[in-house]
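Top to bottom, those sequences are chains A and B.
First residue of the first sequence? That's 2 in this note's numbering, and the numbers climb one at a time after it.
First residue of the second sequence? That's 68 in this note's numbering, and the numbers climb one at a time after it.
Using N, Cα and C, we set each Cβ at its ideal position, and we do this for glycine too.
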Amino acid sequence: MVSFLFKRLMQSVIVMFTVALIAFSMFRFVGDPINNMVGQDTSEQERIELRERLGLNDPFLVQFGRFSLNAIQGDFGVSYKYRVPVSGMIAERMPATLELAFVAAILSLVVGIPLGVYTALKRNSFLSKMIMTTSLIGVSLPTFLTGIMLILFFGVVLRWLPTFGRGDVIELGSWSTGFLTASGLKSLILPSITLALFQLTLIMRLVRAEMLEVLRTDFVKFAKARGLPNRLVNFKHALKNTLVPVITITGLQLGSLIAFAIITESVFQWPGMGLLFIQAIADVDIPIMAAYLVLIAFFFVMINMIVDILYYAVDPRLRADNE
Amino acid sequence: MENIVEKSRIARILDSDIWHSFTRSPVAIISSIVTLIVIFSAVFAPFIAPNDPFDLVAIDIMDSSLPPAWEVEGDPRFLLGTDDQGRGILSTIMYGARISLFVGFASVIFSMIVGISLGLISGYVGGRTDAIIMRIADIQLSFPAILIALLLDGVARGLVPKEMHNDVTIYVLVFAIGISGWVQYARTVRGSTLVEKNKEYVQAARIIGIRPGTILRRHVLPNVMGPVMVIATIHLAIAIITEATLSFLGVGVPPTTPSLGTLIRIGNEYLFSGEWWITIFPGAALVILVLAVNLLGDWLRDALNPKLR
């Protein structure tokens, strides 16, 4: 167990190191940082001084070391466009993205797993077939189109729900939450459905496939032959054994929720990190891009690691192999 | 001699399992017809489009924002209505599909070339080369492809001078989407190569002194292409969606040569004024295309899977 954890940790460190290197190279070599920081009327002399002061003449490794040290402390420099520290901008927008991703994750699990179980158990019923066909369309529907259609239907035609922004937020220390106001909650509905839909279909199809696989196995047949009630067989024996792959995929999907939030946020003008990132790409605002990249990589590495450890906890066979 | 070989090849295709499975699957037939129709109308858009949306002389501002032809204020010249500049939606969709399909196919081919080469090398050479390539693949696989495409797109935009943006973005897109997709190919090809390289025909080729590059190209490659075709089909759908998404986000194809994604982005601004057709029709075209390609990929995967026969 300890050696497994150590190996896993080392792997994560290597990934983070690579990502930091990429982020730094972006910062250093895409365009001239000095040109991006100063105005047109700065003299050549001042530019040279600034270059020296920022340490841009130091060897590559020294610069990279400094960048990494600063990054660990959350300092990613100053945005080229807005002239304010990037860390502050991201911290301000992080709650919006995390709340959205959290609601979407819950939604996709709470709806996806039961639908998957249902379509596996009642494989030939009309409703199952309809759900499966709909889910195929769901997979082919790009996230931004889902958003646009929801806006058109619930926002423009029915005028039931707000279609942009977060509504009213309440500040809890440095965390701004939309969970506590009516307009905040209402604003969450459409974006979170949009974000959840793709993951939901994925989780549903996965649970269904795994359930079908497990239902064919001998121990389930035997449990049925023993006369155990169907409910017990289906949920205690079958569903439990589908959980390992479901946990893995769900964990990985949690990461991609944060990434896909970029699209959802831009459709709904949701003031989160994704919207900040996409604007940064359009403006070639490298410090924001670098900071976002490192942060997202960190999320992903953490999630992957937790998933691997959970895997270990859920499946006793893995433990037996290693000891 | 040449003729006989050609003939038997067609006969072989008509007699193959794939063809049999194709003729028995209505889904596969319908989706391939749909795909072919879209490809046809995209390729021949300049000849069959009802009006030319990029000919500034032909566009009339008086025709702007017309609803589809079947609505009260519709105009029979514009079946699916017009946008704010008086361009027929049906025609812009045809021209847009051209760009979407070009980026889709080009980036799939790019991914294939990169992925297959690295996969072949990784599997055949083994050792440290293999370890390095597969580690990179692992790292890349732990991030969603769309994020990588976005990032590469962003970086490449930074490297290209601003005034050249409109000319090169399409190649930047192909590069970004292509790189974001190579891992699937590399992994599959590596797996098959590991199996093939120990077979007798490869050993025989090695013994008679054929160079490794030639062995890989002439002997191993043809035998690992089956699964690659399945991945390529499904990847085409993903590539088209990715292009549309990037263009929708405003970091893809510029509005001067709009793809389906760009059209949806443009139309999205008119959604609230009730001009739904500017967005919805390009969106529908995109979904139909992607759905058809996806279904085709699904069928191909099942048809090539020996377990399901």
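Per DSSP, the unbroken alpha helix (DSSP H) holding Thr-134 (chain A) starts and ends at 127–141. Not a single C-beta of chain B is nearer than 8 Å to the C-beta of Met-205 (chain A). Chain B has no Cβ within less than 8 Å of the Cβ of Ala-21 (chain A). When 9 Å is used as the limit between beta carbons, Ala-283 (chain A) is near these residues of chain B: Gly-221, Arg-224, Leu-316, Gly-317, Val-318, in chain order. Put simply, the backbone Cα of Ile-289 (chain A) is about 43 Å away from that of Gly-293 (chain B).
Cβ atoms of Ile-331 (chain B) and Thr-346 (chain B) come within 8 Å of each other, at about 5 Å. Taking 8 Å as the Cβ-Cβ cut-off, the stretch 290–309 of chain A approaches chain B at Met-290, Leu-294, Ile-297, Ala-298, Phe-301, Val-302, Asn-305, given in chain order. Here Arg-165 (chain B) is buried, its C-beta having at least 16 other C-beta atoms within 10 Å. Under the 8 Å criterion on CB atoms, Val-101 (chain B) is classed as non-interfacial with respect to chain A. Classified as exposed, Leu-10 (chain A) has fewer than 16 neighbouring CB atoms from the shown chains inside 10 Å of its CB. Comparing alpha carbon positions, the residue from A:Leu-6, A:Asn-242, A:Leu-142 closest to Thr-195 (chain A) is A:Leu-142. Look at Val-16 (chain A): its C-beta is under 8 Å from a C-beta on chain B. Going by DSSP, Ile-203 (chain B) is part of the alpha helix (DSSP H) stretching over 194–208.
Boundaries of the alpha helix (DSSP H) harbouring Ile-259 (chain A): 241–269, taken from the DSSP string. Against Ile-333 (chain B), chain A offers no close residue; the least beta-carbon distance is about 12 Å (beta-carbon pairs closer than 7 Å). Within the stretch 49–119 of chain A, the runs of alpha helix (DSSP H) that reach at least 4 residues and sit entirely inside it are, in chain order, 61–73. When C-beta distances to chain A are compared with 7 Å, every residue of the stretch 229–247 of chain B stays at or above that value. Counting C-beta pairs closer than 8 Å gives fewer than three between the stretch 46–63 of chain A and the stretch 244–261 of chain A, which falls short of the contact rule. Neighbours of Val-140 (chain A) in chain B, taken as residues whose beta carbon is under 8 Å from its own, are Asn-361 in chain order. In the DSSP assignment, Leu-229 (chain A) falls outside any beta strand (DSSP E) and carries neither an H nor an E.
By the Cβ test, the stretch 252–268 of chain B is not in contact with the stretch 218–231 of chain B, since fewer than three Cβ pairs between them sit closer than 8 Å.
A distance below 6 Å between beta-carbons, with the five flanking residues on each side excluded, links Gly-190 (chain B) to the following residues of its chain, in chain order: Arg-257, Thr-260, Leu-261. Contact residues of the stretch 128–152 of chain A toward chain B are Leu-137, Ile-138, Val-140, Ser-141, Leu-142, Pro-143, Thr-144, Phe-145, Leu-146, Ile-149, Met-150, Ile-152 (C-beta to C-beta distance below 8 Å).
Within its own chain, the residues whose Cβ lies closer than 8 Å to the Cβ of Leu-207 (chain A), once the five positions on either side in sequence are excluded, are Gly-117, Pro-246, Val-247, Ile-250, listed in chain order. If the five residues before and after Leu-358 (chain B) are omitted, its C-beta is found closer than 7 Å to no C-beta atom of its own chain. Looking only at A:Phe-103, A:His-238, A:Ala-106, A:Thr-98, the smallest Cα-Cα distance to Gly-166 (chain A) is reached by A:Thr-98.
Look at Ile-166 (chain B): its C-beta is not under 8 Å from any C-beta on chain A. Counting along the chain, Ile-301 (chain B) sits inside the alpha helix (DSSP H) bounded by residues 288–315. The CB of Val-63 (chain A) never comes closer than 9 Å to any CB in chain B; the least such distance is about 23 Å. Counting only Cβ-Cβ distances below 7 Å, Ala-78 (chain B) has no contacts in chain A at all, with the closest Cβ about 35 Å away. Ser-257 (chain A) has a beta carbon lying within less than 8 Å of a beta carbon in chain B.
Classified as exposed, Gly-89 (chain A) has fewer than 16 neighbouring CB atoms from the shown chains inside 10 Å of its CB. Under the three-pair Cβ rule at 8 Å, the stretch 147–155 of chain A does not count as touching the stretch 360–371 of chain B. In the three-state reduction of the DSSP assignment, Ile-275 (chain B) falls in the coil class.
Of all C-beta pairs linking the stretch 266–273 of chain A to the stretch 53–67 of chain A, fewer than three are shorter than 8 Å, placing the two stretches out of contact. Contact between the stretch 154–174 of chain A and the stretch 119–134 of chain A is absent, with fewer than three C-beta pairs closer than 8 Å.
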